[in-house]
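Engineer: Mapped onto this note's numbering, the consecutive letters of the sequence shown carry residue numbers 798 to 864. My questions will all concern the structure given below.
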Amino acid sequence: MNRRPKLFTIAPGADAEEVAAVAAALEQLMRQTAPVAPPEPPAPNPWVQAALHEGVARQPELPLRWA
């Protein structure tokens, strides 16, 4: 989705240089005031991932070893 607005001039008396200057100023303003991208989430801890996988993926063995 393109969120950039289409720029057009409504002043019929403006010459090409004035239009280019205004367009450049608007482009610079849009770049300077654009929202900052959120930081990337930290990488998951491999030990936590392994523990979660083991806890979900395994079925209890009968008889239980610790019982």
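Ideal Cβ positions, reconstructed from N, Cα and C, are used throughout, including at glycine.
Determine the DSSP secondary structure at Pro809, reduced to helix, strand or coil.
Structural biologist: Pro809 falls in the coil class under three-state DSSP.
Engineer: Can you tell me the Cα-Cα spacing of Pro809 and Lys803, whole angstroms?
Structural biologist: 18 Å
Engineer: Taking just the CA atoms, how far does Thr830 sit from Val819?
Structural biologist: 16 Å
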